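Enquirer: First the structure, which I've put down as structure tokens, then a few questions once you've had a look.
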Amino acid sequence: MENWVQHILLVLRTAILLSFVAGPAMAAEGENKATASAIDSEFFDVGFTAGVVNIEDFGSEFIAGINATFNASEKYFLQFNWMQADVSDSAYEESQGSFYSGDDRTFTHYDVLLGYNVLQGEIFTSEAHANLSSVYLVGGVGETEFGGENRFTYVFGVGYQMALARRFIMRFDNRYYIYDSVTIEEDEKVYNNQLSAGIGFLF
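The numbers in the numbering used here rise by one with no breaks, and the one at position 164 of the sequence shown is 166.
Structural data, given as structure tokens:
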């Protein structure tokens with residue numbers, strides 16, 4: 003458990019450094035203010051996410067999914083996520099035989115999260131243009147389907163987002179999925195970690 007706590011702190015520290023890498027600067031008041039105001043006025047965004055999920059006792063797999071976000075205020079947002087990955091045989095299964103087969107080898111996860119923007123700022127890509135950015139924390143609940151089980155799941159994580167254009171944002175996320183499982187060991191607490199990047203469309 004100590005390792006994944008350290009990993010989250012490392013990601014958070016890196017994201018904070020990215021937010022302020024440009025240092026203090028004066029933004030041009032024309033285009034920048036118009037862009038910032040326009041992005042702040044959008045309440046919803048939908049997006050696509052892809053990355054790697056580390057499934058305990060099995061290994062790392064490519065995962066992809068979709069999300070929808072409601073920006074309730076400048077600080078708070080609600081987000082729905084749906085993700086799916088196909089899980090290959092672990093090293094143990096390759097020598098001893100597969101634990102699961104068919105649809106039971108598909109890892110599916112969905113959740114509803116509350117997010118909080120901890121640090122908000124701007125990254126200046128030039129003297130005349132700045133992109134809004136923020137470091138955020140998320141937490142919530144969902145369900146994970148894998149190995150013939152449907153398990154109530156706790157979710158928490160940290161992320162970083164940056165506006166790319168008037169209606170597009172890029173996100174980088176580190177999420178942890180925690181749930182109970184009995185498929186391999188009795189009353190096992192499972193910790194799955196996901197690292198992903200995604201694009202969102204504001205409207």
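Every residue gets a Cβ at the ideal spot worked out from N, C-alpha and C, and that includes glycine.
Bear in mind that the values here come from a model prediction, so they are computed numbers and not experimental data.
#1: Give me the Cβ distance between Gly159 and Gly49, rounded to the nearest whole Å; I'm assuming they're in contact under 8 Å.
#2: What three-state label does DSSP hand Ser104 in the structure shown?
#3: Considering Cα atoms alone, identify which of Gln122, Val55, Met85 is closest to Glu145.
#4: On the three-state DSSP scale, how would you describe Ala38?
#5: My assumption, with CB atoms under 8 Å, is that Asn69 sits in contact with Asn83. Please give the rounded CB distance.
#6: Skipping 5 residues on each side, what residues in its chain have a beta carbon closer than 8 Å to that of Phe170?
#7: Using 9 Å as the threshold, is the C-beta distance between Val143 and Val120 below it?
#8: Could you compute how far the alpha carbon of Leu116 sits from the alpha carbon of Glu188?
#9: For Phe174, count neighbouring C-beta atoms within 10 Å of its own C-beta (all shown protein chains included) and say buried if the count is 16 or more, exposed if not.
#10: Using the Cα positions of Tyr102 and Glu58, report the straight-line distance between them to the nearest angstrom.
#11: Taking the alpha-carbon positions, what's the Thr51 to Phe148 distance?
#12: Which two residues bound the contiguous beta strand (DSSP E) that contains Ile68?
Expert: Per the coordinate set shown:
#1: Going by Cβ atoms, the distance from Gly159 to Gly49 rounds to 16 Å, so no, they are not a contact pair.
#2: Just to set this straight, residue 104 is Gly in the shown sequence, not Ser. Three-state result, Gly104: helix.
#3: Met85
#4: With a pLDDT of 47 at Ala38, under the threshold of 50, the predicted position of this residue should be treated as unreliable, and no value is reported.
#5: 5 Å
#6: Ile201, Gly202, Phe203, Leu204
#7: no
#8: 31 Å
#9: buried
#10: 15 Å
#11: 20 Å
#12: 61-72
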